[in-house]
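Below is one structure, written out as structure tokens; comments come after it.
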Amino acid sequence: MGLSGAYTVSGGQATVDLGPLREGVAPVPLQLRLSSTGPYEIDIVSANNGRLRLGSSEWSIPYSVAIDGQVTNLGAPASIANRPESGLRRDSLPMRFVIGKIDDVRAGSYTDTLSISVRAR
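Residue numbering for the sequence shown follows the numbering used here, starting at 1 and increasing by one per position.
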């Protein structure tokens, strides 16, 4: 599993800068790259339950992630299943960050940590 597109790596973690936040899809080109010989599921867990948070404050902005067009609700652990095809596959799945309502939030740097894992089905 890997990423391609607009991200940096620091301390073994990929960092994606969503830029100035606006409601809707963030303009960040990013793909999740996977190699597989069978069906798999992608599990996604958000440390802040689908909210970009301003430091340790209560200020937050809701968001979701779409992988290969499948939108996830990050309020709970989420799974996305691939198409059940056999044989060696190399998938490059587009990842999109969909920003929710941003009215009446304090300015600053909002963050979340996503844990993404892949398992055979």
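Heads up, the beta-carbon is just placed ideally off N, CA and C, and yes, glycines get one too. This one's a predicted model, so the numbers in the text were calculated from it and none came from an experiment.
So, with DSSP's three-state summary, where would you put residue i?
i: Val105; result: coil
i: Tyr110; result: strand
i: Pro29; result: coil
i: Thr15; result: strand
i: Leu52; result: strand
i: Gly40; result: The sequence shown places Tyr at residue 40, rather than the Gly named in the question. It is a strand residue.
i: Arg119; result: strand
i: Gly5; result: strand
i: Arg22; result: coil
i: Pro77; result: coil
i: Leu93; result: strand
i: Ala66; result: strand
Which whole-angstrom value is the C-beta distance of residue i and residue j, which I expect to be below 8 angstroms?
i: Ile99; j: Arg22; result: 6 angstroms
i: Met95; j: Val65; result: 6 angstroms
Spatial neighbours of residue i within its chain, please: CB distance less than 6 angstroms, with the 5 preceding and 5 following residues excluded, ordered by chain position.
i: Ile80; result: Ile42, Ile67 and Gln70
i: Leu88; result: Thr37
Ordered along the chain, which non-local residues of its own chain (more than five positions away) have a Cβ less than 7 angstroms from that of residue i?
i: Thr134; result: It is not possible to answer for residue 134, since the shown part of the chain is limited to 1 through 121.
i: Pro62; result: Gly50, Arg51, Gly100 and Lys101
Residue i: buried (16+ other C-beta within 10 angstroms of its C-beta) or exposed?
i: Leu30; result: buried
i: Asn73; result: exposed
i: Gly50; result: buried
i: Ser46; result: buried
i: Ala26; result: buried
i: Ala76; result: exposed
Output the distance between the C-alpha atoms of residue i and residue j, rounded to the nearest integer angstrom.
i: Gly5; j: Val105; result: 29 angstroms
i: Ser57; j: Thr113; result: 16 angstroms
i: Gly19; j: Ile44; result: 22 angstroms
i: Ala107; j: Trp59; result: 10 angstroms
Closer than 8 angstroms by C-beta to residue i: which residues in its own chain qualify, once you throw out the five before and the five after it? Chain order, please.
i: Tyr40; result: Leu34, Ala81, Asn82, Val118, Arg119, Ala120 and Arg121
i: Ala14; result: Leu3, Tyr7 and Thr8
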